[in-house]
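Engineer: Heads up: the sequence shown begins at 162 in the working numbering, then just goes up one per residue. Ideal Cβ placement from N, Cα and C applies to all residues, glycine included. Only a predicted model underlies this, so the values are computations on that prediction, with no experimental measurement involved.
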Amino acid sequence: MQTHPIMAENWLIKSYKVKKTMSPQTFPLILPLLLIGTLFFNAVEANPQTLVRHIKPDDALRIEIQEAGIYWLSYEDLADAGLQPQFMNPQRLRLFNQGEEVALNVISEEPDYFQPGDYIEFYAQSLETTFTDTNVYWLYWRKKGLGKRMARINGKVTGEAQPIRAFYDRFLTEKNNTWDIWEGSPDTQDYWFWDRLNASDVKTYTVKLPALPLEQTEVVVRVGFRGRSTAPPYPNHHTVVYLNDILIGDVRWDGDAEYVQEMRVSSALFDNKSNTLKIELPGDTGAVVDTVYLNWIEVDYWRPFEAEKDSLILTVNSNGKVQIAVNKLSQSEILVYDITDPNTVAEVVNVSVEKEGKGYQAVFEDRVTESKTYYVLTINQYKQPPSTTLWQPAKLKHPKNGADYILITDKAFLPAVEPLCDFRRQQGLRVKSVSVEEIYNEFNQGLSDPAAIKAFLKYTYENWSGPAPTYVFLVGDANMNYRAKKKPNKVPAHLYLSVGSKSLLIPDDNWYVDVWSDYMGNYILPEMMIGRIPGDSPKTVARMIDKIIRFEKSTHTHSKNVLLIADSSHKEEVLNEVLVDTLPGGFNADKVYLGAYLKNAETEEQKKKQIAKATRDIMASINQGAMITNYAGHGTVDRWSQSKGLFGPSNVHRLRNKDNLTFVLALTCVNGQFATSNKYSLAEEFMLAKGGAIGVFSSSGLTYTGENELLSGQVFSMIFEQGARTLGEITTQAKIAAYNEGISTGVIRSFILFGDPATRLKKW
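In structure tokens, the structure reads:
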């Protein structure tokens, strides 16, 4: 009697003597003979009532890919990933990518079971999206049906085919170094560019072709621009292009649209694989400004069949039987694949390998109808996936799931947030914590994309056991450069193009929880209450989680002080005075109006001293205890009072109010822009500080006084008149009420709660 290590089932196994010509280390002389197709040969199931299945049909090996190529996974690789390949039936191995089955080769000495030395090979595509450069493949071994396998094409050289000596190739080089946006552009526009060029600039770029163009052929060079300036006269852009210091293009063009400058040149201009492309903006259009962005450089050329680093991907456009000879290969073990359909790759066999100089040449024939793409490589160019992990799905689509409170974070942060999840459960909430990785796996085939998070939340709202979720808490950093290595995305933001006096690309967490459309088909108002905090490490996250729990467990009552801060403009003072009139009896309004501080300051030195005094007074008021801190005025991402520098991160981190955390309402521009690439917003700094705030309600975009007045009035009404206590209810209901009073959809989308939406303000 033996317990099957995957199935956790008891099986009666008959032993057989088997004579096998193998080393005793890899194949013992006496062994249980396993027939994996039916699981075991001559096996008898025992006690089925007590079985516990640990491996399910939808368990899989998650395979990450970043480069296109032929990949190899051995028996030993599968074992190292936590699988038990000795119990796998090679015929049942199935590979998928983005929902489509992918053909693979299984190289196994026995058709019915895997053993040491066996392996699988498959062709994988690279992936380039706005959100990720990592493609994900899924290897299943218990999914119903037999696996898709590579076909074989006979590439034997007969001498009857038409020899081809070159193929037409396209080389594209593009870098994402800077970004900009345009008013009226769709959300899906490419905002990232290689470089910015202004009038009189002369800049040089390197173009490294994988091979020299075929002699005496025409080469097409294209440069993708995007105009930035629009000043007259027209045309208002002038771009001059040189290849290896030879003038190849001189064009004048208009406006802020995309423009492709195409030039046809002789292959003789390319003197080596690394060439220089020089772009000049003479600045002679007569316009006061001439600014353009370089987006990409593209080269179309006839390329000989020469391998680069022992591999070559080539496309043949023809009708009939062709002969292809690829040279400059360093080894005699050469493989050829037809990758025309990347999911239905075929292996070309009977390839002729010939010695050629110091290297080798691979020659094969095939019949082509219109077009075929081949991949030729030496065996040393086989790749191994950078990451393989055993995946057991969290069953996020199971109908028995249910939650009042959903916490979404990076998988590395799950232990750090668990104390808060336990605390919420103790409060009676149904809690579900889930990693973004698991959401991507179950809602987007493993690929990173904010749309997967929205799809998950929509699914929970419509399909999980009722009542539907109320709170959504996002924990982790975000970056509008989704693929950045510095400040990487932990829980990404959805970006929204806000069009106003200035267009801004801003994060919009409201999008995640706006899962139902109105009668016009618009997605505007949220169905759930959402908040977020930053975090780049488990330690940072754990500190903020502890801050939330400590606040809610504290027996302190709230101070009856409300701090009202205004920039130097009178209209911000008026806004605050309107709020003062809504305070209940017994509340004190502590006012720091910058205009009053600067009233008698005449010199720059006097102004600096008065601003510093106002800053100290803000800090003192918060330290003494302010239930609400309201700021109205100008601001930047990490400052209050754009020109005066009234309050910033250094002030936040010097606050000593960890036992009297405040709720901040920041009626200013971009204080809540949490997706910048190089710094935290002031709203985030309030959350990251040991003291500071228990929550911040702030905009990621531009704000306007009239709308700020409506929104802040509703926030105060929710707290002091309607008795709302949770940060999520206060901020969400305030936005909805203000929307009904006429604020724009931009306010709904840009105002973001930093903090746990289920956090309750203290009684007073």
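Could you compute how far the alpha carbon of Q422 sits from the alpha carbon of A448?
Structural biologist: Taking the straight line joining both Cα atoms gives about 20 Å.
Engineer: Identify, in the order they occur along the chain, each residue of the same chain with its Cβ nearer than 6 Å to the Cβ of L725, setting aside the five sequence neighbours on each side.
Structural biologist: Result list for L725: N737, A750, K752 and N791, in chain order.
Engineer: Tell me, to the nearest whole angstrom, how far the beta carbon of E592 is from that of C582; I am working on the premise that it is less than 8 Å.
Structural biologist: One point to set straight first is that residue 592 is Val, not Glu, in the sequence displayed. So it is a contact: roughly 5 Å between Cβ atoms.
Engineer: For the region 381-400 against the region 411-422, do three or more pairs of beta-carbon atoms, one drawn from each stretch, fall closer than 8 Å, so that the two count as touching?
Structural biologist: The region 381-400 vs the region 411-422: in contact.
Engineer: Between A523 and I314, which are expected to be in contact by the criterion C-beta below 8 Å, what is the C-beta distance as a whole number of angstroms?
Structural biologist: So it is not a contact: roughly 14 Å between Cβ atoms.
Engineer: At which residues does the beta strand (DSSP E) containing V381 begin and terminate?
Structural biologist: Run containing V381: E379 to G388, per the beta strand (DSSP E) assignment.
Engineer: Using the DSSP secondary-structure output, state which residues sit across from F525 in a beta bridge.
Structural biologist: According to DSSP, which records beta bridges pairwise, F525 is partnered with I485.
Engineer: One question on the structure: do A108 and V537 come within less than 8 Å of each other, judged by their Cβ atoms?
Structural biologist: Outside the modelled stretch of the chain, which goes from 162 to 925, sits residue 108, for which no answer is possible.
Engineer: Going by CA-CA distance only, name the one from E262, V857 and P251 that's closest to S269.
Structural biologist: Out of E262, V857 and P251, P251 has the C-alpha closest to the C-alpha of S269.
Engineer: By DSSP, does P443 sit in helix, in strand, or in coil?
Structural biologist: Here P443 sits in coil by DSSP.
Engineer: In the DSSP assignment, find the unbroken beta strand (DSSP E) run with Y284 in it and report its ends.
Structural biologist: Y284 -> beta strand (DSSP E) spans Y280 to A285.
Engineer: Note down, in chain order, each residue of its chain lying with its Cβ closer than 8 Å to the Cβ of K924, except the 5 sequence neighbours on either side.
Structural biologist: Around K924: T718 and H719.
Engineer: Would you give the residue range spanned by the alpha helix (DSSP H) that D238 belongs to?
Structural biologist: Taken as a continuous stretch (DSSP letters only), the alpha helix (DSSP H) holding D238 covers Y236 to D241.
Engineer: Verify whether the separation of the beta carbon atoms of E688 and Y632 is less than 8 Å.
Structural biologist: No. Outside cutoff.
Engineer: According to DSSP, is K953 helix, strand or coil?
Structural biologist: With the chain running from 162 to 925 in the structure shown, residue 953 is simply not present.
Engineer: Do L843 and R800 come within 8 Å of each other at the CB atom, strictly closer than that value?
Structural biologist: In contact: R800 and L843 (Cβ atoms closer than 8 Å).
Engineer: Mind pulling the beta strand (DSSP E) runs of 3 or more residues that sit fully within the region 708-780?
Structural biologist: For the region 708-780, whole beta strand (DSSP E) runs of length 3 or above, ordered along the chain, are 722-727 and 749-754.
Engineer: Go ahead and label R255 buried or exposed: buried means 16 or more other beta carbons lie within 10 angstroms of its beta carbon, across all protein chains shown.
Structural biologist: It is buried - the Cβ of R255 has at least 16 other Cβ atoms within 10 Å.
Engineer: Among the candidates W353, P324, M705 and G852, whose CA atom is the shortest distance from the CA of P580?
Structural biologist: Nearest option by C-alpha distance: M705.
Engineer: Could you name the residues that DSSP lists as bridge partners for N791?
Structural biologist: Partner(s): L725 and L826.
Engineer: Taking the alpha-carbon positions, what's the I474 to W625 distance?
Structural biologist: Going by the C-alpha atoms only, they are around 47 Å apart.
Engineer: Considering just the uninterrupted stretch of the alpha helix (DSSP H) at S842, what are its terminal residues?
Structural biologist: Where S842 is concerned, there is no enclosing alpha helix (DSSP H), given that its DSSP letter is neither H nor E.
Engineer: Could you tell me which of T437, Y403, M690 and F328 sits nearest to Y462, measuring between CA atoms?
Structural biologist: Considering only alpha carbons, the answer is F328.
Engineer: From which residue to which residue does the beta strand (DSSP E) around M879 run?
Structural biologist: Careful: M879 lies outside any beta strand (DSSP E), inside the alpha helix (DSSP H) at T866 to F881.
Engineer: S782 and L755 - do their beta-carbons sit closer together than 8 Å?
Structural biologist: Not a contact, by the Cβ cut-off of 8 Å.
Engineer: E376 lies in the beta strand (DSSP E); which residues open and close that run?
Structural biologist: Neither: E376 is in no beta strand (DSSP E) and is coded neither H nor E.
Engineer: With burial defined as no fewer than 16 other Cβ atoms inside 10 Å of the residue's Cβ, what is the status of V453: buried or exposed?
Structural biologist: Buried.
Engineer: Using only CA atoms, which one of G518, P503 and D499 lies nearest to V512?
Structural biologist: The candidate whose alpha carbon is nearest that of V512 is D499.
Engineer: Is DSSP giving F858 helix, strand or coil here?
Structural biologist: Residue state, collapsed to three classes: strand.
Engineer: Go ahead and label S493 buried or exposed: buried means 16 or more other beta carbons lie within 10 angstroms of its beta carbon, across all protein chains shown.
Structural biologist: Per the 10 Å Cβ criterion, exposed.
Engineer: Expressed to the nearest angstrom, what Euclidean distance is found between the alpha-carbon atoms of T400 and I407?
Structural biologist: T400 and I407: Cα-Cα distance of roughly 14 Å.
Engineer: Compute the Euclidean distance between the alpha carbons of W340 and N359, then round it to the nearest angstrom.
Structural biologist: Cα to Cα, W340 sits roughly 15 Å from N359.
Engineer: Starting from Y620, follow the alpha helix (DSSP H) in both directions and report where the run begins and ends.
Structural biologist: Looking at the DSSP string, the run of the alpha helix (DSSP H) that includes Y620 is P611 to N624.
Engineer: Sort out for me which residues DSSP pairs R303 with in a bridge.
Structural biologist: Looking at the DSSP assignment, R303 forms no beta bridge with any residue, so it has no partner.
Engineer: Which two residues bound the contiguous alpha helix (DSSP H) that contains T452?
Structural biologist: It is not in any alpha helix (DSSP H) - T452 instead sits in the beta strand (DSSP E) that spans T452 to P465.
Engineer: Quick one: grab the DSSP three-state call for L244.
Structural biologist: Coil, per DSSP.
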